[in-house]
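A quick write-up on the structure given underneath.
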Amino acid sequence: MKTISGLGVLFVVALMGFAVLAQDTGNALSGNHLYRAYCLVCHGVTGNAPGPLAVRLKLYPADLSSQHYQAKTAAELADIIAGYRKSGESNMPNWGMVLPRQDQLDIAAYVTSLTRNDLKFRGNTRRGRAIFKSACVACHGEFGKGRGLLAHMMRIAMVDFTATNDMNKISDERLMNTVRHGKGDFMPAWSGILNDNQVADVAAYVRMLAR
Numbered sequence: 092m093k094t095i096s097g098l099g100v101l102f103v104v105a106l107m108g109f110a111v112l113a114q115d116t117g118n119a120l121s122g123n124h125l126y127r128a129y130c131l132v133c134h135g136v137t138g139n140a141p142g143p144l145a146v147r148l149k150l151y152p153a154d155l156s157s158q159h160y161q162a163k164t165a166a167e168l169a170d171i172i173a174g175y176r177k178s179g180e181s182n183m184p185n186w187g188m189v190l191p192r193q194d195q196l197d198i199a200a201y202v203t204s205l206t207r208n209d210l211k212f213r214g215n216t217r218r219g220r221a222i223f224k225s226a227c228v229a230c231h232g233e234f235g236k237g238r239g240l241l242a243h244m245m246r247i248a249m250v251d252f253t254a255t256n257d258m259n260k261i262s263d264e265r266l267m268n269t270v271r272h273g274k275g276d277f278m279p280a281w282s283g284i285l286n287d288n289q290v291a292d293v294a295a296y297v298r299m300l301a302r
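Have a look at this one:
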């Protein structure tokens, strides 16, 4: 009986640990939108250069691409964002009074993606998503897994954009060039239909699918 009770306690503890882990994960795609809304004005587009507000106020925000921040977990970064954990001298507001915990974790997930490979999100993923939905879903599928209706009908194996390891081997420039100039017999060239900003937007959205 004691053994059963002990196993029950361990099971509850395991479930509690799993719940904590589940709560401490963020979505980088959502985090990208939040970062642009709340963080970009100080930390800049790539997280390692002062944004327009920081320049105007003569502030020197933390370099989010540095090892000091990239080595932290999403939960630790979220604590810094919220103001629960200090990281050096900072004029950063305590976003815990404004943003819910999930938003903090989403921003943290985006911040940790800034230095993966050579990935710097030059495009706007919200606009890129709209373009993807209207122009790419037929082949690449709604979620970018390569399971679109046309791909199925033509029995073509499409790239799975959600495969993180494979996508991290492809540079942003190569990805954008594929959108511009096409590839193989079935990927059309979008140059002349999409401008450079739109190409960057789609590439940024595709990149975020692998997060």
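Everything in the sequence shown is counted per the working numbering, starting at 92 for the first residue and increasing by one.
Every residue, glycine too, gets a C-beta built ideally from N, C-alpha and C.
Since this is a predicted model, take the numbers as computed values, not measurements.
Taking the straight line between their C-alpha atoms, what separation do you get for residue i and residue j?
{"i": "Y160", "j": "D251", "result": "30 Å"}
{"i": "T255", "j": "D197", "result": "17 Å"}
{"i": "R246", "j": "K236", "result": "14 Å"}
{"i": "D287", "j": "G138", "result": "22 Å"}
{"i": "W281", "j": "N185", "result": "43 Å"}
{"i": "T253", "j": "R218", "result": "19 Å"}
{"i": "A221", "j": "S204", "result": "22 Å"}
{"i": "D170", "j": "S157", "result": "18 Å"}
{"i": "K274", "j": "R265", "result": "11 Å"}
{"i": "T206", "j": "L155", "result": "9 Å"}
{"i": "S178", "j": "V132", "result": "19 Å"}
{"i": "G239", "j": "L285", "result": "21 Å"}
{"i": "F234", "j": "V189", "result": "31 Å"}
{"i": "V136", "j": "A199", "result": "15 Å"}
{"i": "A140", "j": "G232", "result": "36 Å"}
{"i": "Q193", "j": "P279", "result": "38 Å"}
{"i": "N118", "j": "Q289", "result": "23 Å"}
{"i": "I261", "j": "R127", "result": "24 Å"}
{"i": "P191", "j": "A162", "result": "23 Å"}
Determine whether the beta carbon atoms of residue i and residue j lie at a separation below 7 Å.
{"i": "L150", "j": "V202", "result": "no"}
{"i": "A248", "j": "C230", "result": "no"}
{"i": "A173", "j": "Q195", "result": "yes"}
{"i": "H134", "j": "G122", "result": "no"}
{"i": "L125", "j": "M299", "result": "no"}
{"i": "Y129", "j": "T216", "result": "no"}
Whose C-alpha, out of the options, is nearest the C-alpha of residue i?
{"i": "R271", "options": "D257, A291 and I172", "result": "A291"}
{"i": "G283", "options": "F277, G275, N268 and K236", "result": "N268"}
{"i": "N259", "options": "I172, N286, C230 and A294", "result": "A294"}
{"i": "T116", "options": "T164, L190, G135 and I261", "result": "T164"}
{"i": "Y175", "options": "G187, N182 and M183", "result": "G187"}
{"i": "D257", "options": "M278, A301 and M244", "result": "A301"}
{"i": "D263", "options": "M244, G214, F234 and K177", "result": "G214"}
{"i": "M183", "options": "Q193, L190, A199 and A153", "result": "A153"}
{"i": "F79", "options": "L285, Q289, M244 and E233", "result": "Residue coverage of the chain in this structure runs from 92 to 302, which leaves residue 79 outside it and unanswerable."}
Just checking: is the beta-carbon of residue i within a distance shorter than 7 Å of some beta-carbon in chain C?
{"i": "L168", "result": "You won't find chain C in this structure, because it holds only one protein chain."}
* State whether the segment 213-229 contacts the segment 139-147, with contact taken as three or more CB pairs (one from each stretch) at a distance under 8 Å. => no
* **Those runs of the alpha helix (DSSP H) which lie wholly inside the segment 173-209 and span at least 4 residues** => 192-203
* Which ranges does the alpha helix (DSSP H) cover as unbroken runs of at least 4 residues, wholly within the segment 239-290, from first to last along the chain? -> 240-245, 255-258 and 263-272
* **Complete runs of the alpha helix (DSSP H) confined to the segment 111-169 [at least 4 residues]** => 119-129, 131-134, 143-148 and 158-161
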